[in-house]
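Remarks on the structure that follows.
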Amino acid sequence: MNKKDINNIEKEMKLANEGLSEKERTLFSDARPTPVKPLNKYLEKFLNWARAESLWILAFGTGCGAIELRPLMTSRFDMFRYGIAPRPTPRQASVFVIGGYASIKTIKRIVRSYEQMQGPKFVIALGSCTINGGMYYDSYYTINRIDHYIPVDIYVAGCMPRPEALIAGFNKLKMQIKAGKCDGMNKYAENFDWYKENQKRVIKDWNMPDYNW
Amino acid sequence: MEQILNRLKQKIEIKSVINKRADLYFITIKKEHIELVLSHLKQQENFTHLAFLQAVDYIEDDKFQLTYMLYNYDIKVNLGIKVFIDRDKSEMTSIHKLWPHAWQYQRELKELFGIDFPGSPRVDESFVLEGWEEIPPMRRDFDTLAYSVKTFYQRPGRTTNDPKRYMKEKLYKNFAKSPESGRNDE
Amino acid sequence: MSRISKNKYDNFKADRSKFPQMENGKAIIDLDSHKFTKLWQGPQHPGVTGNMAVELTISGDEIVQAKTHVGYLHRGFEKLLERRKYIQCFTIVCRICVPEPDTNEYCYSTAVEELAGIEIPEKAKWIRTLNMEMSRLASFLMWLGGQAGSLGMGAIGQWTVGMRDFWLDLFEEMTGGRIYHMYMIPGGVRKDLPEGFIMRAKHLVVETRKLLFDIEKSFFNNAIIKSRLKCLGIITPEMVDEYGIVGPNARASGKEYDVRMNNPYLKYPELDIKMITSMGGDAFTRAEVRYQEIHQTLDLISQILDKIPEKGEIQAKIPNVVNWKIPTGETYVKAESTRGEHGFYVVSDGTKYPRRVYNRGASYTQAISVLEKLAVNTSISDLAGLMVSLHTCPPEIER
């Protein structure tokens, strides 16, 4: 291989950030996400246990699912018992709860919030409308399958899912994390181009960086 | 209410009056008179509350129907004023000077129906749609299902069943043999 | 009225005669001058009500300009309703407003009944009234928690949302659903009240009253709450007409407009009900008016529970719903939700499908025009409290 080819390959591995203007492009990194390999067996097991027992959810009520998060947070169901706490900023959160249908305007913010979150990160999607569109399957402004835009670990079905169902969903997520099966972040990095293509097909006015914030 | 309508009739021509309920009336007037009628009703007859301003698409007549719903706190009556405008060159006078919040409805109509209101503040800003490239979605010739199938990914497995046939086949297999089988629900 | 004249910020207000410069009544905002900052509150922010955003231009921590952005919850309901048969619509209309779905169901089914000329039975009317008042109560309790939470007082939210949950249990008994009930169908209600329901509801009314007693002590007699809510976001009586403000927001400014009394529907004429108004128009007065309305609602619920007939039809006879054609016509049905006048404008063209269904939510003007006006000259920290005190509900704005 000569030097020219290597340069070309390096260029291909970088993100184009086409949505940004020339001036803004220098402000954002153009590196692609890379999959993270697990550490050695016992250390990873310990880390997974730690991750599973402190799930911090991002306080972003994206749809009507947010209404059942409030009973979950307050005295009757009290999710703090399970080590689940809401966090105001994506940088501190590890679980993203998609509360139901996502309109095109919201999916743009969902993608942005998801990419801003620090790994390891997990996604729970609530309601039938995130699974196959639910009763908004023919709507011109809500997406049908959330797993084409960001990787999803757990679906909780229902309209709306009850707080008990949400607790069951969170417990299932814990079990999966402990078993080391929640690698949505790696899936996102490996199939990055596919996810980006899907996202850009829906979000027509893409004016943000491709991955790095 | 009769007196109010009579006083209005002296000023302009009212095409039709429908009395739907004791507290709900609909009148149809000409497009040119709308500003005159609304300011008369607001200032002289105390219809001070604009409940909404919306459009109905009559695609077969090539018309948009605009409905201005007013409310009078004193006599406690809702009055809907209907105006028909052309669908091709859809344009209407703005009423933001009478009610400051009317610009919101006008912005919504511009975005979802494509009806223009020249002079209305912020009428060109986006209301709910972001990066929309199709025709205004609330027009009747916009097919939302086709757009959804084209743009979003359908999860396979969703089937549409005719409820009557499905129930006959799956739930009530013996339905056809029952004595009620001859009844006609159509 | 003395509250209106005195503004909380009068004492330490910066001299705004020179900055920002005004032109034709509008402030000249030049972001390149580095005197202003653009700040987005929402959509991903704990201090907004639901999924909406307010774009703020600030100078220091004072808001110079505010712009509301909605559309994050747009589902195109009105388009979807045009594609569905009249009976299919009723499962979807309740999704328009999340905290208080029953008002949508009532307005839609009444509009369809009116167009089709159906009279519903007495008992169905009583059950509908009960259902509406219960949903009002649940929404109010949620609001009370939100108002306290937006000012940093989390305990009230823990109490009220916990209590709301017990009301949702009653809803579940009555309708089968916790949040979305799909209970009032055109022609009546879906099911009769279960056995022992009235007794349990009466018990819960007593429990809720006890809780409200605690809340009055800790929330309304609280120096911090008073100092933050008083003189915040004053709505003057002139603004009520200009901006189409309805509901408790208008009643706190002295406007006597409550759909339940002005244009009585269902069984409200037979109930002992009184208009609650107050002068003042600031956020604290609005909170007080809403607090009194919670008591009023509890009172109404116990009245309804006493008067509800034990036996009776709950459904009128309707034709085969699959091929139900509604005669041509149009109507506007409104009801009082916790935010004010909530209405449905239904147009039928004589086919199986509605020509147009429009939903008028009270938040439509209150969250956009009114909020944009009131937010100017308040501080960033007060904005969350102001938004909740206007009781904005984004799903009914964009539908």
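Just so you know, the sequences run in chain order A, B and C. Be aware that the first sequence starts at 90, since it is given in the numbering used here, and climbs by one per residue. Be aware that the second sequence starts at 183, since it is given in the numbering used here, and climbs by one per residue. Be aware that the third sequence starts at 239, since it is given in the numbering used here, and climbs by one per residue. Note that beta-carbon positions come from the ideal geometry of N, C-alpha and C, so glycine has one too.
Option in A:Asp167, A:Ala268, A:Lys285, A:Val291 with minimal Cα separation from Leu104 (chain A): Ranking the options by Cα distance to Leu104 (chain A), first place goes to A:Lys285.
If you drop the 5 nearest sequence neighbours on each side, which residues of the same chain put their C-beta closer than 7 Å to that of Lys267 (chain A)? Cβ neighbours of Lys267 (chain A) within its own chain (closer than 7 Å, five residues either side excluded): Asn137, Trp138, Ala141.
Which partner residues does Pro175 (chain A) have in the DSSP bridge list? Beta bridge pairing from DSSP links Pro175 (chain A) with A:Ile146.
Tell me which residues share the same chain as Ile317 (chain B) and place their Cβ nearer than 8 Å to its Cβ, disregarding the 5 neighbours each side in the sequence. Cβ neighbours of Ile317 (chain B) beyond the five flanking positions: Gly296, Asp323, Phe324.
Return the chain-ordered list of same chain residues with a C-beta closer than 8 Å to the C-beta of Ile546 (chain C), the five sequence neighbours on each side being excluded. Here the set comprises Lys361, Trp364, Ile365, Leu368, Leu431, Ile436.
Consider the Cβ of Gly187 (chain C): report whether some Cβ of chain B lies at a distance smaller than 9 Å. There is simply no residue 187 (chain C) to check, as chain C begins at 239 and stops at 637 in what is shown.
Per DSSP, Asp268 (chain B) is paired with what? In the DSSP assignment, the residues bridged to Asp268 (chain B) are B:Lys245.
Run through chain B and tell me which residues come within less than 9 Å of Lys293 (chain A), C-beta to C-beta. Listed by position along chain B, the residues whose Cβ is nearer than 9 Å to that of Lys293 (chain A) are Glu312, Gly313, Trp314, Glu315.
Using a C-beta to C-beta distance shorter than 8 Å, which residues of chain B count as neighbours of Ser228 (chain A)? Residues of chain B whose Cβ lies closer than 8 Å to the Cβ of Ser228 (chain A) are, in chain order, Thr326, Ser330.
With DSSP as the reference, label Gly578 (chain C) as helix, strand or coil. DSSP places Gly578 (chain C) in strand when its eight states are reduced to three.
Where Leu624 (chain C) falls, given that 16 or more other Cβ within 10 Å makes a residue buried: With 16 or more other Cβ atoms within 10 Å, it is buried.
Pick from A:Gly273, A:Thr178, A:Arg165: whose alpha carbon is nearest that of Pro209 (chain A)? Nearest of A:Gly273, A:Thr178, A:Arg165 to Pro209 (chain A), Cα basis: A:Gly273.
Using three-state DSSP, classify Leu277 (chain C) as helix, strand or coil. Note: Leu277 (chain C) maps to strand in three-state DSSP.
Apart from the five residues on each side of it in sequence, which residues of its chain come closer than 7 Å, Cβ to Cβ, to Ile173 (chain A)? Scanning its chain for C-beta atoms nearer than 7 Å, with the 5 sequence neighbours on each side dropped, one finds around Ile173 (chain A) the residues Leu144, Ile146, Phe259, in chain order.
What residue range is occupied by the uninterrupted alpha helix (DSSP H) comprising Glu480 (chain C)? Glu480 (chain C): member of the alpha helix (DSSP H) spanning 475-481, first to last residue.
By DSSP's criteria, Asn260 (chain B) is part of a beta bridge. Which residues make up the other side? The secondary-structure analysis by DSSP pairs Asn260 (chain B) across a beta bridge with B:Leu206, B:Tyr253.
Please check the pair Met290 (chain C) and His307 (chain C), which I expect to be a contact at CB under 8 Å, by giving their CB distance rounded to whole angstroms. Contact flag correct, Cβ pair sits at about 7 Å.
Would you tell me roughly how many angstroms separate the C-alpha atoms of Glu368 (chain B) and Asn561 (chain C), rounded to the nearest one? Residue placement at Glu368 (chain B) is poorly supported in this model, since its pLDDT is 40, which falls under 50; the coordinates are not used for a value here.
Hey, His237 (chain A) and Asn287 (chain A): beta-carbon distance below 9 Å or not? At the C-beta level, His237 (chain A) and Asn287 (chain A) come within 9 Å of one another.
Touching or not, the region 187-197 of chain B and the region 558-572 of chain C, by the rule of three or more beta carbon pairs under 8 Å? Cβ pair count under 8 Å is below three, so no.
Give the DSSP-derived three-state secondary structure of Ser118 (chain A) in the structure shown. Coil at Ser118 (chain A), not helix or strand.
Out of curiosity, what's the CA-to-CA distance linking Val626 (chain C) and Gly262 (chain B)? Straight-line Cα distance between these residues: approximately 32 Å.
Helix, strand or coil at Asn597 (chain C) [DSSP, three-state]: Asn597 (chain C) falls in the strand class under three-state DSSP.
DSSP puts Gln207 (chain A) in a beta bridge; with which residues? Per DSSP, none; premise fails for Gln207 (chain A).
From the DSSP secondary-structure annotation, give me the bridge partner or partners of Tyr570 (chain C). Per DSSP, C:Tyr583.
Anything in chain B within Cβ reach of Arg198 (chain A), meaning under 7 Å, just list it in chain order. By Cβ distance, chain B contributes nothing, its closest Cβ being about 10 Å from Arg198 (chain A), past 7 Å.
Quick check on DSSP: helix, strand or coil for His307 (chain C)? Strand, per DSSP.
Would you please state the rounded distance, in angstroms, between the beta carbons of Gly519 (chain C) and Ile473 (chain C)? I believe it to be under 8 Å. That belief holds up - the Cβ atoms of Gly519 (chain C) and Ile473 (chain C) are roughly 4 Å apart, short of 8 Å.
Hey, Ser272 (chain B) and Asp298 (chain B): beta-carbon distance below 9 Å or not? Yes; because the gap between Cβ atoms is below 9 Å, this pair is in contact.
So which residues on chain C does Asp323 (chain B) lean against when the C-beta distance must stay under 9 Å? None at all; the shortest Cβ gap to chain C is about 12 Å.
Near Val427 (chain C), what residues of its chain come up, given a Cβ to Cβ distance below 8 Å and the 5 sequence neighbours on each side ignored? Answer for Val427 (chain C): Ala362, Ile365, Arg366, Asn369, Tyr421, Ile552, Gln553, listed in chain order.
By a C-beta neighbour count over all protein chains shown, 10 Å radius and 16 as the cutoff for buried, is Ser465 (chain C) buried or exposed? That one is exposed.
Beta-carbon of Trp397 (chain C) versus every beta-carbon of chain A: anything under 9 Å? Contact of Trp397 (chain C) with chain A is assigned, a C-beta pair being separated by under 9 Å.
Between the beta-carbon of Lys289 (chain A) and the beta-carbon of Glu312 (chain B), is there less than 9 Å? Against a cut-off of 9 Å, the Cβ pair of Glu312 (chain B) and Lys289 (chain A) comes out as no contact.
Applying a beta-carbon distance threshold of less than 9 Å, which residues of chain A neighbour Thr341 (chain B)? Within 9 Å Cβ-Cβ: nothing; Thr341 (chain B) doesn't reach chain A, min ~11 Å.
Quick one: what does DSSP say Pro507 (chain C) is sitting in, helix, strand or coil? In the structure shown, Pro507 (chain C) sits in a helix (DSSP, three-state: H, G or I).
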